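Okay, so the sequence shown: first residue is 1 according to UniProt numbering, each after it adds one. Report on one structure; see the data block that follows.
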Amino acid sequence: MVDIDSLLAPISDENPTGEYLKLDRSAYRALRNSYNTAQSSFRQLVETPDASSDEALLDANSENWAQLRDATFSALTTATKDIELLGWFITSQLFTTNPYGNLAKSTKVLAQTAEIFWDTLHPTLPEKKIKSSDEAGKTKELIEFRIKPLLQLVGESQDSTALYMPLQLVSLIDDISFSDYLRAERSGELNQLKEKAQSLFSGDVEETLSHLAETYRNFSQAETIIAQHCQSHAVTAISFKFVKANIADLINAIKYLVGDKFALWPLDDNYALREPETQSASPQPSIAAAIDTAPQVSEPVQPAPVVASSPTEPVAQTSVTEVQPAVTQTMLAAPAGQIATRDQAFHELRKISEYFKQTEPHSPISFLLERAIRWGYMSLPELMQEMTGNNSGVMQHINQLTGMDQLEQQDLSGKPYVEPQITTPAPEISISDAIPNTVPSNSINEQEVTETQQPTQSEAETSSTSGSVTDFEW
Numbered sequence: 001m002v003d004i005d006s007l008l009a010p011i012s013d014e015n016p017t018g019e020y021l022k023l024d025r026s027a028y029r030a031l032r033n034s035y036n037t038a039q040s041s042f043r044q045l046v047e048t049p050d051a052s053s054d055e056a057l058l059d060a061n062s063e064n065w066a067q068l069r070d071a072t073f074s075a076l077t078t079a080t081k082d083i084e085l086l087g088w089f090i091t092s093q094l095f096t097t098n099p100y101g102n103l104a105k106s107t108k109v110l111a112q113t114a115e116i117f118w119d120t121l122h123p124t125l126p127e128k129k130i131k132s133s134d135e136a137g138k139t140k141e142l143i144e145f146r147i148k149p150l151l152q153l154v155g156e157s158q159d160s161t162a163l164y165m166p167l168q169l170v171s172l173i174d175d176i177s178f179s180d181y182l183r184a185e186r187s188g189e190l191n192q193l194k195e196k197a198q199s200l201f202s203g204d205v206e207e208t209l210s211h212l213a214e215t216y217r218n219f220s221q222a223e224t225i226i227a228q229h230c231q232s233h234a235v236t237a238i239s240f241k242f243v244k245a246n247i248a249d250l251i252n253a254i255k256y257l258v259g260d261k262f263a264l265w266p267l268d269d270n271y272a273l274r275e276p277e278t279q280s281a282s283p284q285p286s287i288a289a290a291i292d293t294a295p296q297v298s299e300p301v302q303p304a305p306v307v308a309s310s311p312t313e314p315v316a317q318t319s320v321t322e323v324q325p326a327v328t329q330t331m332l333a334a335p336a337g338q339i340a341t342r343d344q345a346f347h348e349l350r351k352i353s354e355y356f357k358q359t360e361p362h363s364p365i366s367f368l369l370e371r372a373i374r375w376g377y378m379s380l381p382e383l384m385q386e387m388t389g390n391n392s393g394v395m396q397h398i399n400q401l402t403g404m405d406q407l408e409q410q411d412l413s414g415k416p417y418v419e420p421q422i423t424t425p426a427p428e429i430s431i432s433d434a435i436p437n438t439v440p441s442n443s444i445n446e447q448e449v450t451e452t453q454q455p456t457q458s459e460a461e462t463s464s465t466s467g468s469v470t471d472f473e474w
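Following this line, the structure appears as structure tokens:
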């Protein structure tokens with residue numbers, strides 16, 4: 001149980017963030033030793049064959065993390081608000097009886113702590129160690145010192161985060177862990193694991209997904225809050241992309257194993273819970289069905305006011321104002337299953353990429369599709385820079401050939417210019433004259449009609465989670 005209210009309460013009215021405990025060597029050393037002991041016991045647990053049946057090792061590891069959890073909670077509620085200690089507290093939640101729920105709550109504390117206590121949040125660089133003489137320089141040094149311990153939690157690579165190894169041993173679906181998924185992936189036994197996972201599926205899986213989605217959102221919020229404070233003082237922000245990738249990998253593993261057990265997958269492409277109205281909507285066809293079957297072209301939409309009951313009956317006349325929108329609209333309706341916009345095309349590519357990432361994780365197809373999406377949203381200069389590897393000589397040659405090195409317009413003021421002849425527009429024809437007295441019943445289906453209901457979606461951020469997943473290494 002994570003007591004969020006206590007963790008977010010000020011240490012005191014006079015000093016909301018308390019003291020920097022690292023200046024109190026005895027107090028900090030006790031906390032650091034507790035963290036080292038917990039890490040050591042976990043390392044021993046991982047490196048010991050058949051450790052899952054060694055009750056002594058399991059009990060010692062649980063006890064060590066419980067002691068760290070209690071010690072950091074006490075420090076964070078009575079003595080200090082410190083990012084480093086909060087990172088240790090967050091990691092310890094994965095060794096509780098409700099790891100995903102407690103992880104979600106503790107990461108919420110991280111985001112709100114950064115928002116509420118930022119100006120005096122610890123760790124704090126001692127005054128005597130500040131090198132800058134001006135206020136801007138001092139503030140920059142303080143912020144850089146404050147955020148540095150975050151790297152221990154969020155990592156500088158996907159396998160260096162504090163959560164990477166513990167997350168592999170926590171159960172995802174009943175007794176199936178992420179390490180089981182990784183082993184099955186490497187040995188080519190994912191189909192067998194999927195069958196087992198589907199037989200063990202229960203309502204607990206949706207609760208796990210909800211907690212993982214909340215954790216992902218909390219990390220994103222913390223990253224945004226901290227980045228805003230950093231950017232306002234010209235400090236390079238800490239990236240949370242690796243620890244978020246850890247969470248995304250678990251979500252994707254669950255989706256592969258039991259995703260088809262859901263009437264509608266409860267998370268969107270950004271790992272956020274779908275809104276209730278979205279979840280109640282009709283589910284989209286699966287990507288496998290989209291690949292295996294050709295899209296069915298629907299009948300074109302018929303103009304509402306026009307009714308043809310038989311080939312010989314006259315068509316009911318309508319006013320000009322009723323027909324005008326269909327005549328003047330420039331965008332034609334796309335039959336069902338066809339792509340109408342550029343953004344929609346990229347969304348379809350993303351679906352195909354996700355399909356291959358789940359069904360053929362060893363294949364480069366998903367990575368190539370993601371690259372195509374990313375290139376599709378680059379400007380031409382950005383694309384050429386990437387394709388040429390920033391080779392200045394090649395870029396200069398391309399710029400010369402394409403004219404991109406000369407962006408100024410040619411002066412045409414002295415050149416002869418002949419005014420184009422203006423043609424008289426054809427006389428207007430009324431709608432009533434244009435519509436024949438009789439229309440065959442099947443002729444309505446040949447009319448081009450406008451698309452008025454399909455919104456254009458903007459492309460989601462293409463920088464996403466990691467591609468293939470690998471087991472941890474020491």
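We put the CB at the ideal spot given by N, CA and C, even for glycine. The structure displayed is predicted, hence computed values, not measured ones.
Inclusion of residue 89 and residue 158 in the CB contact set at 9 Å is not warranted, their separation being larger than that value. Distances from the alpha-carbon of residue 354 to those of 274, 401, 255 and 133 put 255 closest. Within the model, the alpha-carbon separation for residue 78 versus residue 64 is close to 21 Å. Judged by DSSP secondary structure, residue 68 falls within the alpha helix (DSSP H) whose first and last residues are 55 to 78. Within a 10 Å sphere around the beta-carbon of residue 23 sit fewer than 16 other beta-carbons, which makes this residue exposed. Put simply, the backbone Cα of residue 196 is about 25 Å away from that of residue 271. In this structure the stretch 107 to 119 does not touch the stretch 179 to 191; the number of beta carbon pairs closer than 8 Å is below three.
Beyond the five residues adjoining it in sequence on each side, residue 30 comes within less than 8 Å, by CB distance, of 71 in the same chain, given in chain order. Here the stretch 154 to 173 lies against the stretch 243 to 251, with 3 or more beta-carbon pairs under 8 Å apart.
Using a Cβ distance threshold of 9 Å, residue 146 and residue 166 do not count as a contacting pair.
In the assembly as shown, residue 12 is an exposed residue. Its beta-carbon has fewer than 16 other beta-carbons within 10 Å. Ranked by how close their Cα comes to the Cα of residue 125, the residues 116, 141 and 119 have 141 in first place.
Closest by C-alpha distance to residue 169, out of 32, 95 and 359, is 95. When beta bridges are read from the DSSP output, residue 176 appears opposite 173. Sixteen is the threshold: since fewer than 16 other Cβ atoms of the shown chains lie within 10 Å of the Cβ of residue 393, the residue is exposed. Distance from the Cα of residue 188 is smallest, within the candidate group 133, 360, 237 and 234, for 360.
Under the DSSP assignment, residue 375 falls in the alpha helix (DSSP H) whose first and last residues are 365 to 376.
In the DSSP assignment, the residues bridged to residue 273 are 267. Take the alpha-carbon of residue 35 and the one of residue 69: they are about 9 Å apart.
Between residue 350 and residue 380, the gap from beta carbon to beta carbon reaches 9 Å or more.
Here the alpha carbon of residue 265 sits roughly 16 Å from the alpha carbon of residue 173. With contacts defined as CB atoms closer than 9 Å, residue 16 and residue 139 fail to qualify as a contacting pair.
A straight line joining the alpha-carbon of residue 210 with that of residue 273 spans about 7 Å. Residues 114, 147, 237 and 238 of the same chain have their beta carbon placed closer than 7 Å to that of residue 226, with the five preceding and five following residues left out of the count.
Shortest Cα-Cα distance from residue 93 to any of 202, 162, 14 and 365 involves 162.
With respect to the 9 Å criterion, residue 384 and residue 398 are classified as neighbours on the basis of their beta carbons. Residue 132 and residue 223 have their C-alpha atoms spaced approximately 27 Å apart. Pairing residue 207 with residue 149 gives a Cβ-Cβ distance that is not under 9 Å. When the five nearest sequence neighbours on each side are left out, the beta carbons in the same chain lying within less than 6 Å of the beta carbon of residue 358 are those of 256, in order along the chain. In this structure residue 217 is buried. Its beta-carbon is surrounded by 16 or more other beta-carbon atoms within 10 angstroms. Burial check for residue 105: the Cβ neighbour count within 10 Å reaches 16 or more, so the residue is buried. Using a Cβ distance threshold of 9 Å, residue 20 and residue 82 count as a contacting pair.
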